[in-house]
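Per my numbering, residue 3 is the first one in the sequence shown, and the count goes up by one each step. Note that beta-carbon positions come from the ideal geometry of N, C-alpha and C, so glycine has one too. Structure, as structure tokens:
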Amino acid sequence: EIGEMDFDQVKEKSRLRWNDELNKIKIEGSTGRQDTVFYTALYRTLLFPRKLYELNDEQQPIYYSPYDGELHEGVMLTDNGFWDTFRAVHPFFTLMYPDFSSEYLQSLVNAYNESGWLPHWSSPGHRDIMIGDHAASLFADAYVKGIQDWDVNTAYEAMVKEVNNEHPRYTDIGREEATEYNQLGYVPYPKYMEGTAKTLEYAYNDWNVAVMADSLGKQEDAEYYYQRSQNYKNVWDIETMFMRGRTESGEWHEPFNPIAWGGEFVEGNAWHYLWSVFHDTEGLIKLMGGRESFLAKMDSVFSMPPVYEIGTYDKVIHEITEMVIANMGQYAHGNQPIQHMIYLYNYAGKPWKTQKWVRHAMDSLYGPGPDGLCGDEDNGQTSAWYVFSAMGFYPVTPGHPSYVFGSPLFSKITLQLPNEKQFVVEAANNSAHNKYIQSVKLNGKDYHKTWISHFDIINGGNLVFKMGPEPNETWGKTVDAAPYSMSLN
């Protein structure tokens with residue numbers, strides 16, 4: 003592969019290649035510390051997944067499949083855990099690397115063709131780890147953003163099989179609890195560990211299937227899966243104002259302690275999983291009794307002390323330690339389940355609180371030293387959160403072509419898009435002190451929404467935030483300014 007190149011030549015070629023990739027996003031108005039943090043985060047975002055194929059003499063891709071042990075023509079990629087990367091890593095690929103995203107999705111279809119199932123975590127083949135059917139999120143998110151150069155029909159077939167059937171061998175491929183989930187509308191706990199977390203993630207995955215069905219003109223399927231995506235409501239307890247474990251008979255599992263880790267949750271507690279309704283934040287707001295109650299609960303995440311009970315874990319796991327060290331209350335940015343929660347203030351009319359906490363997280367939880375990450379990287383997800391947040395927006399709902407505003411970190415950031423267009427984000431008067439959005443213009447016109455469309459970005463243009471030291475509590479306050487929620491759209 004390297005021919006006659008020596009070590010130094012290979013090193014220089016690699017340096018130039020990475021320089022090309024990192025230059026696709028150019029930042030201005032940053033400190034030296036921020037330069038290091040941002041480009042390190044971008045580098046880490048791009049490290050996974052890995053290509054498992056090579057080119058033959060005819061320069062056509064071939065690979066040895068970890069799924070059936072055979073040699074195949076085509077592409078195969080590996081080393082990715084979707085429970086983490088569906089949130090921001092793969093949405094980043096859809097924005098900046100759509101061709102790679104398409105290739106990866108075809109790789110997933112190939113894995114299905116060779117094993118009969120979609121991966122949840124590939125390393126290099128199926129691994130029995132983590133929960134959810136988040137390949138559905140990857141497919142739906144790319145499709146609605148116009149990335150459709152992969153075997154869409156087979157992918158849809160695979161999605162439907164995945165969310166309705168149990169794999170005979172692996173508990174985390176397909177749905178081990180498919181029968182109970184479909185009958186009861188939730189995964190019972192303690193019959194199944196992590197049942198409440200699974201219910202919430204399955205509901206979101208069902209919504210992704212509905213989105214694909216809708217896009218493909220399968221209206222009967224779409225209606226069924228949209229209805230099933232409301233199953234998150236079945237684990238909501240109005241008395242405690244939390245999502246809770248529910249038994250087969252429909253009763254709440256006792257005892258309940260919202261700061262206890264594990265049990266009906268995964269690497270977290272009830273404070274973390276309360277917000278795992280990615281597709282229907284407005285529906286969650288209604289469950290809580292309206293905006294004021296919702297906002298008060300969000301504020302409580304940060305005002306609560308970072309106390310904990312180890313729950314069903316036999317020790318203090320590192321995710322608990324990281325939450326305590328972060329000292330942001332029950333907000334545990336060192337693990338993935340709650341990372342999107344900061345952005346949910348936009349849905350309830352107080353985007354300035356998102357701006358406050360996003361800046362705080364970027365400034366205090368990321369750095370250029372050995373402690374530069376506050377917890378799990380997990381195939382680039384925690385770094386991808388930073389990359390998006392520094393740009394000023396974040397993909398709260400993969401499966402919908404939108405990004406929710408935060409607080410841009412730099413005075414100017416330029417995206418060199420793969421279609422040879424540029425999208426420029428400017429933040430006038432930006433500084434560590436001036437972190438609050440006063441007004442927004444998109445391509446020279448006043449813009450009042452708290453989110454931006456994927457297509458507004460990839461079509462190229464200019465997004466200008468005017469920043470200030472105090473919140474503008476009227477900007478983004480109205481319901482029609484809020485980002486997408488299934489209940490509103």
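- If the five residues before and after residue 143 are omitted, its C-beta is found closer than 7 Å to the C-beta atoms of 92, 93, 96, 400 and 401, all from its own chain and listed in chain order.
- Using a C-beta cut-off of 8 Å, the stretch 457-471 makes contact with the stretch 428-442, since at least three inter-stretch Cβ pairs fall below that distance.
- Ranked by how close their Cα comes to the Cα of residue 477, the residues 452, 459, 457 and 489 have 452 in first place.
- Here the stretch 252-269 makes no contact with the stretch 215-230; the two share fewer than three CB pairs at distances below 8 Å.
- Judged by DSSP in its simplified three-state form, residue 439 adopts strand.
- Per DSSP, residue 295 lies in no beta strand (DSSP E) segment; the continuous alpha helix (DSSP H) that holds it begins and ends at 293-305.
- Closest by C-alpha distance to residue 327, out of 312, 308 and 343, is 308.
- Inclusion of residue 385 and residue 35 in the CB contact set at 8 Å is not warranted, their separation being larger than that value.
- Separation of residue 362 and residue 281 (C-alpha to C-alpha, rounded to the nearest whole angstrom) is 26 Å.
- Here residue 18 is exposed: its Cβ has fewer than 16 other Cβ atoms, across all protein chains shown, within 10 Å.
- Rounded to the nearest whole angstrom, the CA to CA distance from residue 21 to residue 156 is 37 Å.
- For the 8 Å CB-CB criterion, residue 335 and residue 377 form a contact.
- Here residue 279 has 234 and 286 as same chain residues with Cβ atoms under 6 Å from its own Cβ, once five neighbours each way along the sequence are excluded.
- Around the CB of residue 67, 16 or more other CB atoms lie within 10 Å, so the residue is classed as buried.
- Separation of the CB atoms of residue 463 and residue 407 is rounded to 15 Å, and the pair is thereby denied contact status at 8 Å.
- Between the stretch 76-86 and the stretch 112-125, the count of C-beta pairs closer than 8 Å reaches three or more; the two stretches touch.
- When rounded, the separation of the alpha-carbon atoms in residue 209 and residue 13 is 45 Å.
- Between residue 338 and residue 303, the CB-CB gap reaches or exceeds 8 Å.
- For residue 200, the uninterrupted alpha helix (DSSP H) segment begins and ends at 197-217.
- If you ignore the 5 residues before and after residue 448, its C-beta comes within less than 8 Å of the C-beta of 441 and 442, all in its own chain and listed in chain order.
- In the DSSP annotation of this structure, the continuous segment of the beta strand (DSSP E) that includes residue 75 starts and ends at 73-75.
- The criterion of a C-beta distance shorter than 8 Å is satisfied by residue 137 and residue 164.
- Contact check for residue 51 and residue 80: beta-carbon distance about 6 Å, within the 8 Å limit, so the pair qualifies.
- Residue environment analysis places residue 176 among the buried positions, since at least 16 neighbouring C-beta atoms fall within 10 angstroms of its C-beta.
- One Cα belongs to residue 160, the other to residue 141, and the distance between them is close to 10 Å.
- Here the alpha carbon of residue 403 sits roughly 6 Å from the alpha carbon of residue 147.
- Short of 6 Å from the beta carbon of residue 484, and not among the five residues preceding or following it, lie these beta carbons of its own chain, in chain order: 349.
- Exclusion of the five residues before and after residue 488 leaves 281 and 282 as the residues of its chain whose Cβ lies within less than 6 Å of its Cβ.
- Note: residue 63 is bridge-paired with 57 in the DSSP secondary-structure output.
- Bounds of the beta strand (DSSP E) holding residue 27 are 27-30.
- Excluding the 5 residues flanking it on each side, residue 194 has same chain C-beta neighbours closer than 8 Å at 178, 179, 182 and 200, in chain order.
- Ranked by Cα distance from residue 255, the first of 72, 369, 240 and 191 is 191.
- A check of alpha carbon separations from residue 130 across 320, 145, 27 and 171 identifies 171 as the nearest.
- Going by beta carbons, residue 389 and residue 113 fall outside the 8 Å limit.
- Check the Cα spacing between residue 294 and each of 345, 239 and 351: the tightest is with 351.
- Judged by DSSP in its simplified three-state form, residue 35 adopts helix.
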